[in-house]
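Asker: For the sequence shown, our numbering assigns the number 60 to the initial residue and increments by one for each residue that follows. Quick reminder that beta carbons are idealized off the backbone N, C-alpha and C, glycines included. After the structure tokens below, expect a handful of questions from me.
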Amino acid sequence: MQRKGMDMEKILIVGGSSGMGLALARRCLQEGAHVIIAGRGEAKLDAARDGLGRPGALETAVVDVSREDEVAALFER
């Protein structure tokens, strides 16, 4: 069975600046996806972005998902 990669997929990972979210972001990037990691802390997101490399395939978004207005703004970008 041939494995399908994630080329051209766009994936949003909430809590992607550490732990399991960061590990998932790393794996998705390895598979060719464009990844957006979202979290509340800009410094942690910046550190995650710098650690992951892949500047053309990775975006960060400072957002508190408990705030509906911030989530709406994220999807409008």
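In or out: Ala92 buried (at least 16 other Cβ within 10 Å) or exposed?
Answerer: buried
Asker: Rounded to whole angstroms, what's the CA-CA distance from Val124 to Leu111? Just pull it up for me.
Answerer: 23 Å
Asker: Which residue from Asp105, Gly98, Glu118 puts its Cα closest to that of Cys87?
Answerer: Restricting attention to Asp105, Gly98, Glu118, the CA atom closest to the CA of Cys87 is found in Glu118.
Asker: Which residue marks the beginning of the beta strand (DSSP E) containing Glu118, and which one marks its end?
Answerer: 117-121
Asker: Report all residues from its chain with a CB closer than 7 Å to the CB of Arg85; omit the five preceding and five following residues, and keep chain order.
Answerer: So the qualifying residues of the chain are Leu111.
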